[in-house]
Amino acid sequence: MLAPWFLIGLLAIGLPWWLHRLARSETTPQAFPSLMLLERSELRDTRKRQLRYLALLALRIALLVALVLAFTQPQWLTKIPAALAGQARMHVIVLDTSLSMRAGTRWQQAKEKAAQLIDAARAGDQLLLISAAGRRVQVLAGPVAGIERARVRAAMQSLTPSPERLDLGLAMASIKTWKMQHQLPMELHVVSDLQASGSPLRFADLEPPAGATLRLHTIMDDNSANAAITRVALSGGEHRALTVSMHAYGGKPGAGVIAMTVDDREFGKQAVQWQADGAASATFADLKLTPGSHRLHAELQLSDALSDDNHYYAVIEHADPRVLLVARNPQADEVTYLAAAIESLAAPRLIVTRVMPDQLSAHTLADYAAVVIADSGVLSEAVAERLSKHAVGGNALFVTLGPQALRIGADPITGMKVRELGGAMRIGAVDDSHPILREPEAWRSVRFFKRLQVTPADGDRSLLRFEDGAPLLIERSFEAGRVLLMAAPLDREWNDLAVHPLFVRFIAETARYMTGNDAAAASAQVGDTVATGVAAGAAGQIFDSQGKRVSALPDREGATHLNPTQAGFYEVRSANHSRFVAANVDTRESDLTPLATELVQKWQALEKPAIAVAASASGEQYRRDQLRRELGPLLLTLAALLALAELLVANYRLQVVRDA
Amino acid sequence: MATESSIARLLPPATLAGLANLELVARAAVEGFLTGLHRSPRFGFSQEFKEYRAYVEGDDPRFVDWNVYARTDRAYIKRYEGETNTRLMVVLDASASMGYGSHAVSKLQYAKFLAAALAYLASRQHDPAGLLVFDAQLRQYRPPTGRAGSLLGLLHAIDAVTVGGPTDLETSFRGMREHLSRRGLVAVISDLYCDPDSLLRAVQPLAVNGHDIMLLQVLDPQEVKPQWRDATLFQDMETQERINVSGEYLRERYRHRLDTHLTALRRTAANAGAQYLQVATDEPLDHALRRYLLFREGRH
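Taken in sequence, the protein lines are chains A and B.
Positions 286 to 945 (the numbering used here) are the ones given, in order, by the first sequence.
Positions 94 to 393 (the numbering used here) are the ones given, in order, by the second sequence.
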């Protein structure tokens, strides 16, 4: 019985019982010659009357019982032949549906192998079919008895490989977390090409569930030579250039042609040659882009094992050469330093527009590649809210704090509380993995005379920290955009950063980073969760590369996030604007090299003894000897027959009453 | 002339009810009853043949036996016991309760059969018969008469009786006394739904005046043995009052209460000097008549 809580429905039997007693209270008076010999009775006497129409009542109760039992999903345990009972197994077939399975004949081989495993299951065995790709490890069919293998086979036939990557460790971990209801010894069949790139960081993650016998069915393909585009980057000065990087996997050199398309228009083709297991690149010069968003599509025109990774999609936000610098006094030293540093950038060459906060309403923020705020304490609430929304829409802000922020005690954009922190100090920790912090040693020589203390929230990234651990530079994601917060003014009374040789490079890299000059940063991978830039609760629609409307993530409100399921461009339309999100396949799937034989053997050796299962199996021996049969359909049929009989009997009884 | 078997088929009350002609009903009942008795030499209410005597001047020529005269050329007159004649007065209860019937024949209908049969029997023996109909009061009076052809009128009067209102035995019987000045047989046909004391007060004055009183209580089978198994809402046919009666009472205690009531009525009748006979409306009419006459015979 899979849903025993439906048994509470049996309480409904009381209804016909009660009605059969109550409905018999005669309301039509019987004429009688004289009441002198009769006695008036109490009401309770009428409730003690015996039940009539017992057949009708019995039918109604039986109908209710049949319906309730049908809802509890009862199962009938059938004995299987004793010869098979002791050898019954639970066959869990994990079918790799990652991108690499599209290569050559791998998918066909995998299906044939899975079909063999399904057909080999005996009547007493149980079958469970699982597909594994990306973060989705899901049950497709089962567990069902071996004699119902047709259901499993049908589920397998409808399956196709996805464009996602399979992490074998993640798949194993997912299977281990499932609470298997069966008590049979498990045989875990992994039907996969066992890519070397699919192995997890920790080898121990490959450990199969306790008690399971691991059976690896490696799908091999002679043609493992494959090439993939790995990156498209924008470079150059005023006349920009696109650099397309590719990588070849497999044992021999090769050559091909890379075609570049910009906004659905062919931009050019470049021949490219590569060495065995080597990288190559092609540069498309003189790229003249108008301000705004542009879609780049690079295609490696080559016939290799895997065609999906021959395409690379990217969205580039062409930087407007203007940066908006918001300051209370546009002529202050701090503003001058900032403007000079930003304008020193050679590529892209940026022009700074200085405005006071009360003049900001005259400017359209979308016209600027980046917005820099000197001492955010000068912003009114309305202006701060406008800038926050600008960031949420996929833009970047660089904010410094200063005396005004200290005066009001908070940063109006991030909401972080601000207070003074005494004591001169130097930088203690630098996150040099961030693109704007390439010189960690140089940072340690910057002196800070006065400091401000802010408290980052969960999820914030502290890029620079003082020696005492207090954060100086914090990055916070604002949905699709970001805010860089410097907890110090660029004032020489506070620090000597503005006159430090580091300063110009730092501001220039920050400006480059904020303007989205790196095309690689504007593409996501299939299976990722991507912020679309649509605010929560706001109207928004998402369309895939075929123009079909895509549902947003079910646990997210509105169209704030997207989970791309295929490579290509996704268009996000909201009330204010339209933008594109590029999705590419994971290039780790491009390397079709299988796991080394030694590694596979080592994996096989990871099997854990079936301690728990063996103990329970001996106590639950009878379960092995039984097959489950669904009784729900039978009970529903019975309920239908009872309903028909009840109709006939009720009709007959009511006729009698009418005649009476 | 009807054969014995054909007459027997007519006698069940349900069959008699199908006959539109009350005279035919009465004749069928009496003839069937007589056939059943095999021409018993002793029958009748009061007049039983005793002897012939020679006709003398002044005798009623209707009583001359013309057959004897034809054979012997002498006029003889039949002589009967009770030569002074017993007048039959049928007292018919036509109250609303008499309209009850759980099958094809209501109590009033059965009472009318009985009344007609008695009238027919009296007429056959040249006794005058009359009719009194009552419910809460005296509704109809037809004086006894023995004239030829009076039977038909009496039967028509019985046939025309319909159910009326509630019963008031004392008031009705008080009204009857002025019509029952001469002694005779008074056959009261009623369901007797009354207090036994009330019955005593109604009947006793008539008995004191020398009337021979016969109480014929007519009851429906459903009144004798109710078939309701469950609690039932009843409505009094005379007062329209309603009460809910439990199935337990109907099954167990009603019968005891009815028996007590009937015993009291029987005792009251004996105290008042009246005869009491209970008949059910599903009883064949000839059986009822046989019991009645045998009962009468036992009295004499």
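Think of the CB as a built atom: it goes at the ideal place given N, C-alpha and C, for glycine as much as any other residue.
Being a predicted model, the structure only gives us computed values, none of them experimental.
Put residue i into one of helix, strand or coil per three-state DSSP.
i        : result
B/Gly192 : helix
A/Glu449 : coil
A/Ala373 : coil
B/Leu382 : helix
A/Glu752 : coil
B/Thr361 : helix
A/Ile627 : helix
A/Glu794 : helix
A/Asn869 : strand
A/Ala899 : Reliability of the predicted coordinates at A/Ala899 is poor, the pLDDT of 40 falling under 50, and the value obtained from them is presented with this limitation in mind. A/Ala899 falls in the helix class under three-state DSSP.
A/Asn511 : strand
A/Arg334 : Residue confidence is low: A/Arg334 scores 48 on pLDDT, short of 50, so the model does not pin down where it sits. Its coordinate-derived value is still stated next. If DSSP states are grouped into helix, strand and coil, A/Arg334 belongs with coil.
A/Trp559 : strand
A/Ala408 : coil
A/Asp594 : helix
Going by C-alpha distance, which of the options is nearest residue i?
i        : options                                   : result
A/Leu880 : A/Pro756, A/Ser484 and A/Val789           : A/Ser484
A/Gly389 : A/Leu929, A/Lys887, A/Gln886 and A/Ser875 : A/Ser875
B/Thr361 : B/Asp305, B/Glu345, B/Phe388 and B/Arg294 : B/Arg294
A/Arg374 : A/Thr498, A/Ala793 and A/Leu296           : A/Thr498
B/Asp252 : B/Glu263, B/Leu224 and B/Lys205           : B/Lys205
A/Ala612 : A/Gln586, A/Gln644 and A/Gly535           : A/Gln644
B/Gly239 : B/Gln218, B/Ile282, B/Asp228 and B/Val198 : B/Gln218
B/Asp261 : B/Ala241, B/Leu292, B/Leu278 and B/Gly246 : B/Leu292
A/Arg864 : A/Met641, A/Tyr855 and A/Leu402           : A/Tyr855
A/Gly687 : A/Ser661, A/Glu666, A/Gly832 and A/Ala667 : A/Ser661
B/Leu299 : B/Leu245, B/Leu370 and B/Ala280           : B/Ala280
B/Met330 : A/Asp781, A/Met321 and A/Leu929           : A/Met321
B/His165 : B/Leu387, B/Glu263, B/Glu341 and B/Ala147 : Residue identity check: residue 165 of chain B is Thr in the sequence provided, not His. Selected option, being the one with the closest Cα: B/Ala147.
Going by the CB atoms, is the gap between residue j and residue i shorter than 8 Å?
i        : j        : result
B/Asp284 : B/Met191 : yes
A/Leu787 : A/Ala709 : no
B/Ser195 : B/Pro377 : no
A/Ala395 : A/Asp381 : yes
A/Val739 : A/Lys702 : yes
A/Val542 : A/Gln480 : no
B/Ala187 : B/Gly257 : yes
A/Pro318 : B/Tyr193 : yes
B/Leu225 : B/Val184 : yes
A/Pro741 : A/Pro756 : yes
A/Asp548 : A/Arg580 : yes
From the beta carbon of residue i, is the nearest beta carbon of chain B less than 8 Å away?
i        : result
A/Leu999 : The first residue shown for chain A is 286 and the last is 945, placing residue 999 of chain A beyond what the model contains.
A/Arg325 : yes
A/Ala373 : no
A/Ala340 : no
A/Pro318 : yes
A/Pro314 : yes
A/Ala367 : Because the pLDDT of A/Ala367 is 46, which lies under 50, any placement of that residue in the model is unreliable, and the question is left without a value.
Taking CB distances under 8 Å as the criterion, tell me whether residue i reaches chain A.
i        : result
B/Ile336 : yes
B/Met330 : yes
B/Arg344 : no
B/Ser339 : yes
B/Ala324 : yes
B/His354 : yes
B/Tyr193 : yes
B/Leu358 : no
B/Phe327 : yes
B/Glu316 : yes
B/Leu299 : no
B/Tyr169 : no
B/Leu292 : no
Using a cut-off of 7 Å between C-beta atoms, extract the partners of residue i located in chain D.
i        : result
B/Ser190 : The chain labelled as chain D is not found among the protein chains of the depicted structure, namely A and B.
* To do: Take every Cβ of the segment 323-335 of chain B, pair it with every Cβ of the segment 266-280 of chain B, and state whether three or more of those distances are shorter than 8 Å.
  => no
* the segment 210-219 of chain B contacting the segment 928-937 of chain A, beta-carbon criterion three pairs below 8 Å -> no
* Asked: Using 8 Å as the Cβ pair cut-off and three pairs as the minimum, do the segment 588-603 of chain A and the segment 620-631 of chain A touch?
  -> no
* Asked: Three or more C-beta pairs closer than 8 Å, one from the segment 507-522 of chain A and one from the segment 403-416 of chain A: is that the case here?
  -> no
* Asked: Per the contact definition of three or more C-beta pairs closer than 8 Å, is the segment 427-442 of chain A in contact with the segment 507-516 of chain A?
  -> no
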